[in-house]
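Structure record follows, encoded as structure tokens.
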Amino acid sequence: MSSWDSLIHFRKHNVAFGRALRNLRKTANLTQEQLGFEAGLDRTYISVLERGERSPTLDTIVSICDVFGLSVLELASHIQSQLDEMHDNQDSSRSP
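The following block contains the structure:
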């Protein structure tokens, strides 16, 4: 895998994490500020994560899981669902 492919692969995971985080937050009827407060994180950091611009640390992942009452494995399942959806959307956009 080239370094460019690695970067794109890495970015996809950040975007999938961000989409999963946004979905969970909205389902819980929380604002970014409320989620940040509950997780001990800044609202701007929540925003950056939701946009897929940064990778969360393990501590951040655990804090977010605690807020939603999820295990890390359950959060990973939400992220995988987003990756699958992104892959499906990419495949359908390639179809004639």
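First residue of the sequence shown: 1, per full-length UniProt numbering; consecutive thereafter. Beta carbons are placed, not taken as given, at the ideal position from N, Cα and C, and that holds for glycine. Computed from a prediction, not measured in an experiment: that's the story for all the values here.
First through last residue of the alpha helix (DSSP H) which encompasses residue i
{"i": "Glu-50", "result": "43-50"}
{"i": "Glu-33", "result": "32-39"}
{"i": "Ser-63", "result": "58-68"}
Cβ-based burial, residue i [other Cβ within 10 Å; buried from 16]
{"i": "Arg-51", "result": "exposed"}
{"i": "Gly-69", "result": "exposed"}
{"i": "Leu-73", "result": "exposed"}
{"i": "Gln-82", "result": "buried"}
{"i": "Gln-80", "result": "exposed"}
{"i": "Leu-21", "result": "buried"}
{"i": "Leu-75", "result": "buried"}
{"i": "Leu-58", "result": "exposed"}
Close beta carbons around residue i, own chain, < 8 Å, minus the five adjacent residues each side
{"i": "Ser-55", "result": "Phe-10, His-13, Asn-14, Phe-17"}
{"i": "Glu-71", "result": "Just to set this straight, residue 71 is Ser in the shown sequence, not Glu. Contacts found: Cys-65."}
{"i": "Ile-61", "result": "Val-72, Leu-75"}
Own chain partners of residue i with C-beta closer than 6 Å, once the 5 adjacent residues on each side are dropped
{"i": "Ile-64", "result": "Ala-39"}
{"i": "Arg-43", "result": "Gln-32, Glu-33, Gly-36"}
{"i": "Arg-19", "result": "Gln-82"}
Cβ shell of residue i (< 7 Å), same chain only, five flanking positions each side left out
{"i": "Leu-35", "result": "Arg-25, Ile-46, Val-67"}
Per-residue DSSP class, three states only, for residue i
{"i": "Asn-14", "result": "helix"}
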